[in-house]
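Encoded as structure tokens, the structure appears first; notes follow it.
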Amino acid sequence: MSGDDEYETEMTASRDDVATVLSGVIDGVTAGSIRLGDGADAVSVEVPEDITLEIELEAEDDELSLELELEWPRPEVEESADSPTERSSGERIEDTSGEDEPPAPVGAADASQTLARFEVFRDRGDEWRWRLRHRNGNVIATSGEGYTRKHNAQKGLRSVVQNAPEAEVVEDSEH
Numbered sequence: 001m002s003g004d005d006e007y008e009t010e011m012t013a014s015r016d017d018v019a020t021v022l023s024g025v026i027d028g029v030t031a032g033s034i035r036l037g038d039g040a041d042a043v044s045v046e047v048p049e050d051i052t053l054e055i056e057l058e059a060e061d062d063e064l065s066l067e068l069e070l071e072w073p074r075p076e077v078e079e080s081a082d083s084p085t086e087r088s089s090g091e092r093i094e095d096t097s098g099e100d101e102p103p104a105p106v107g108a109a110d111a112s113q114t115l116a117r118f119e120v121f122r123d124r125g126d127e128w129r130w131r132l133r134h135r136n137g138n139v140i141a142t143s144g145e146g147y148t149r150k151h152n153a154q155k156g157l158r159s160v161v162q163n164a165p166e167a168e169v170v171e172d173s174e175h
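UniProt numbering numbers the first residue of the sequence shown as 1 and each following residue consecutively.
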């Protein structure tokens, strides 16, 4: 993230959709790098090992507000060939208040370099499932079971992501 980049988004969405966005932030913090947004407006930022989390619940008039804020010192930035005037400046604000719009893409910064993406979807039986889809469109893996809540499908997906990198490959010697 350059010194001039800022990113802000606000959305009105279902609890499950907001949980999906927050899960992306969790994945990014865990991976050590968060990517906010998509396309030309995307911003990536490295997350150090030690960070400060501030949680604030406010009640004002007839409205409640829960703020989650992560803070850490800005890393020292080396001078680059680009001058600040050559960069786009200003605050990026994305309003995704429409109900039919997908959650703002947030996740680990290196996710854009992968060849596949996880998808959470509702099947014909009205159950939530996850699948891993290669960028060529082929489905590589699925949850196998349906979940009654989208949040539970996301938990299952996160469990696979966390446990799979260290999983042992075992060959069935009987066949």
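Don't be surprised by glycine CBs; every beta carbon is placed ideally from N, CA and C.
When beta bridges are read from the DSSP output, Ile55 appears opposite Leu68. Ranked by how close their Cα comes to the Cα of Ala40, the residues Gly28, Glu60, Tyr7, Arg124 have Tyr7 in first place. For the UniProt domain "DUF1508" (123-171), the full-length alpha helix (DSSP H) segments reaching 4 residues or more read 150-163 along the chain. Between Arg133 and Glu119, the CB-CB gap stays under 8 Å.
At a Cβ-Cβ threshold of 8 Å, Ile34 and Ser44 count as neighbours. DSSP places Thr9 in the uninterrupted beta strand (DSSP E) bounded by 6-11. Burial check for Ser173: the Cβ neighbour count within 10 Å stays below 16, so the residue is exposed. For Val45, the beta-bridge partners assigned by DSSP are Ile34. The beta carbon of Arg124 sits closer than 8 Å to none of the beta carbons in its chain outside the five residues before and after it.
Listed in chain order, the non-local C-beta contacts of Thr20 below 8 Å within the same chain comprise Pro103, Val120, Lys150, Gln154, local neighbours out to five positions each way being set aside. Of the residues Ile26, Thr12, Asp17, the one whose Cα lies closest to the Cα of Gln162 is Ile26. The Cβ neighbour count for Gly28, taken over all protein chains shown within 10 Å, is at least 16; the residue is labelled buried. For the 8 Å CB-CB criterion, Ile55 and Leu36 do not form a contact.
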